[in-house]
Ligand code: 3AM
């Protein structure tokens with residue numbers, strides 16, 4: 044009885060966020076808490092290389108490639124990401140709101156950003172607000188400013204989460220945090236300007252060769268290995284959250300949904316992420332750890348190969364149903380790709396998180412080690428930018 048009550052309390056957030064999980068509730072009662080797998084703990088248990096091609100060949104003839112979606116899909120939020128120190132649900136709403144605002148004030152810089160950052164020009168919009176290109180008046184350098192509206196419930200928490208995660212996790216494969224400010228009901232988050240835009244935009248404009256896909260995967264894995272070694276889970280890895288520079292740099296962005304594990308809380312349970320990229324254990328509302336990011340990277344790998352993620356156009360409940368029913372998504376035309384690429388995706392897309400490779404292990408995978416140097420992506424990103432500008436020009440003509 045006590046065991047059942049504990050399991051209900053621990054999964055309440057997941058259940059609240061999707062009626063879908065009710066179908067899986069019974070599983071929670073019998074399933075034990077699974078610890079987040081420590082990095083590099085499983086080097087000898089990697090699944091065998093060289094997958095069977097027979098089954099894939101049979102499926103190949105039935106499948107077709109759809110034109111890519113033009114708008115990146117929206118993520119599903121969690122009410123409280125681990126480690127952000129939100130107020131107790133027993134407190135009155137005003138007190139919780141005030142506490143969240145105080146926490147936000149404690150992480151932002153004092154002062155007025157409107158004289159520091161000038162010439163704002165909108166780059167694009169998301170569910171959170173909008174991102175602008177601006178000039179740092181003191182250096183003359185370009186920066187990107189994410190303006191987040193703080194009206195919605197939990198928006199302060201997501202903002203604090205993003206600021207703290209970026210500020211405390213500096214790495215060459217993570218977008219650099221500059222500073223942040225509270226401006227009336229908005230939060231301004233200033234970060235380095237990535238002049239190549241998102242991987243999502245690049246994929247809409249150009250095709251990537253396998254060596255280039257290997258390079259993007261290696262750069263993302265370096266960022267993920269860094270985060271995971273610090274017990275941080277990104278939880279929303281997808282092409283629209285990977286930013287690129289015209290120098291060939293590749294960096295992880297958008298940390299609003301990330302979670303930090305602690306000795307007291309060594310796994311997460313909230314149903315967080317963007318449905319098509321969500322690992323099966325997240326979809327089922329099970330305890331999960333950093334390897335959810337590896338599944339999402341595998342789906343991002345499929346995006347790079349095929350132009351979009353599996354089930355990307357399906358409604359959320361249907362995505363969950365399909366992932367649950369069909370197991371790991373497969374390449375549409377596997378024989379068109381190398382055994383190394385297929386094996387890499389298979390290692391990322393293991394339904395069982397214990398069999399899924401870690402970021403550290405995948406950095407040793409031959410598909411990744413044989414990827415092109417990041418600098419070779421520069422020409423690709425420039426031609427994607429050119430193609431986007433040409434398209435914009437045609438649309439205006
Ligand atoms: O709407 P699009 O895809 O054109 O590229 C990102 C996206 O553009 C851009 O803001 C839009 C909404 O996310 N963006 C986000 N962060 C950025 C950054 N640090 C950025 N562009 C440059 N540097």
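In our numbering, the protein residues as written are 44 to 440. Cβ coordinates follow ideal geometry from the N, Cα and C atoms, glycine included. Predicted model only: the values in this text are computed from it and were never measured.
Length of the line joining the Cα atoms of residue i and residue j
i           : j           : result
residue 370 : residue 171 : 31 Å
residue 181 : residue 164 : 18 Å
residue 213 : residue 302 : 16 Å
residue 294 : residue 408 : 20 Å
residue 318 : residue 330 : 17 Å
residue 219 : residue 244 : 20 Å
residue 59  : residue 207 : Any reading at residue 59 needs caution, since the residue's pLDDT is 35, under 50, leaving its predicted position unreliable; the model's value is listed next. For residue 59 and residue 207, the distance between alpha carbons rounds to 26 Å.
residue 270 : residue 406 : 14 Å
residue 415 : residue 352 : 23 Å
residue 315 : residue 367 : 16 Å
residue 410 : residue 391 : 12 Å
Residues near residue i in its chain [Cβ-Cβ closer than 7 Å; skip 5 each side]
i           : result
residue 429 : none
residue 144 : 199
Reduced DSSP category for residue i - H, G, I as helix; E, B as strand; rest coil
i           : result
residue 294 : strand
residue 140 : helix
residue 207 : helix
residue 440 : coil
residue 397 : coil
residue 79  : At residue 79, the pLDDT of 27 sits below 50, so the modelled position is not reliable and the matter cannot be decided from this model.
residue 145 : helix
residue 412 : helix
residue 390 : helix
residue 246 : helix
residue 217 : strand
Given residue i as reference, the closest of the options once Cα atoms are compared
i           : options               : result
residue 234 : 292, 249 and 174      : 174
residue 251 : 438, 420, 218 and 437 : 420
residue 394 : 403, 440 and 341      : 341
residue 323 : 287, 364 and 155      : 364
residue 158 : 216, 117 and 226      : 226
residue 412 : 236, 262, 135 and 346 : 262
residue 280 : 404, 355 and 339      : 339
Residue i, enclosing beta strand (DSSP E) - first and last residue
i           : result
residue 352 : That residue, residue 352, is in no beta strand (DSSP E); it is neither H nor E in DSSP.
residue 173 : 172-179
residue 230 : 229-235
Alpha helix (DSSP H) segment containing residue i, residue limits
i           : result
residue 185 : Element bounds for residue 185: not the alpha helix (DSSP H) but the beta strand (DSSP E), 185-192.
residue 417 : Counting along the chain, residue 417 falls outside any alpha helix (DSSP H), and DSSP gives it neither H nor E.
Cutoff 8 Å: residue i Cβ touching any chain B Cβ
i           : result
residue 142 : In summary, chain B is missing from the structure at hand, where a single protein chain is found.
Residue i beta carbon near the ligand SAM (any heavy atom closer than 7 Å)
i           : result
residue 332 : Among the ligands in the structure shown, the ligand SAM does not appear; only the ligand 3AM can be found there.
Cut-off 6 Å between Cβ atoms - residues of its own chain near residue i, not counting five sequence neighbours on either side
i           : result
residue 267 : 336 and 402
Nonlocal neighbours in the same chain, by C-beta distance under 8 Å from residue i, ignoring five residues either side
i           : result
residue 256 : 344, 347, 348, 384 and 414
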